[in-house]
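In the working numbering, the protein residues as written are 14 to 254. Just so you know, even glycine gets a beta-carbon here, dropped at the ideal spot from N, CA and C.
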Ligand code: PGA
């Protein structure tokens, strides 16, 4: 398997400095999983407080380098605080802040310009899933939010069905594999890693990681506690054998 395999945690709007002991425990477990990349995407307030040896990410950035944008954060600020990646186009941003794919594409370019790896999220809603529109929705999101120049060095795709995020529901393994294969066909670089996200937990991780076009996971709720996230890291490492 030559594509990079990633276990990426997304703390969303959770966590304070007192919770960084979880990050220390996750960092300590990396020695057990040498073949995978572990990245923790934390609230921006926490990035600079992390002392453990671990790749860090932000959860959003503004498309501009700097300027009069009260409350926003730039990609270079994330890099300055210790991030090497940033999640962009998460469905919670698309829904809560009305982010369109064109804006997401601008943010991806801002991330690249600051030297950050873009973790670009796409996914269909439950209504679109029920209407069998998944592939047309994903194709449209890819066309409009993946800028020219995307490759395996600068961009990771995360397929996150909106109806699977935080709900405990997941597509069947067959559905996940079918969608990932179609995404791979639509990408400019077949070596790009495609992660699955949405209710990944220790009990379902091995089954999902066994799928040949799944290159890891973007994990929300189960990344908050090291005791949940470390078994997911191990399941990904074991998927190599
Ligand atoms: P979840 O969130 O693992 O809590 O479903 C995943 C995500 O939103 O990235």
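Check	Outcome
Can you confirm whether the stretch 77-85 touches the stretch 59-66 when touching is taken to mean that 3 or more C-beta pairs between the two stretches lie within less than 8 Å?	no
Given this structure, state the Cα-to-Cα distance separating residue 250 from residue 174, to the nearest angstrom.	24 Å
For residue 82, write down the residues that DSSP places opposite it in a beta bridge.	In the DSSP output, where bridge partners are listed per residue, residue 82 has none listed.
Here's the rule: buried if 16 or more other CB atoms are within 10 angstroms of the residue's CB, otherwise exposed. What is residue 242?	buried
Any idea if residue 107 is buried or exposed, counting beta-carbon neighbours within 10 angstroms, 16 or more meaning buried?	buried
For residue 210, does the count of other Cβ atoms within 10 angstroms reach 16, so buried, or fall short, so exposed?	buried
Where does the unbroken alpha helix (DSSP H) through residue 150 begin, and where does it stop?	147-158
At a threshold of 7 Å, does residue 110 count as lining ligand 1 (C-beta to nearest heavy atom)?	no
Say the cut is 7 Å; is the CB of residue 86 nearer than that to a heavy atom of ligand 3?	This structure simply doesn't include ligand 3; it includes ligand 1 instead.
Quick one: using the 10 Å Cβ neighbour count with 16 as the cut-off for buried, is residue 105 buried or exposed?	buried
For residue 34, which of helix, strand or coil comes out of DSSP?	helix
Using the rule of at least 16 other Cβ atoms within 10 Å of the residue's Cβ for burial, across every protein chain shown, is residue 253 buried or exposed?	exposed
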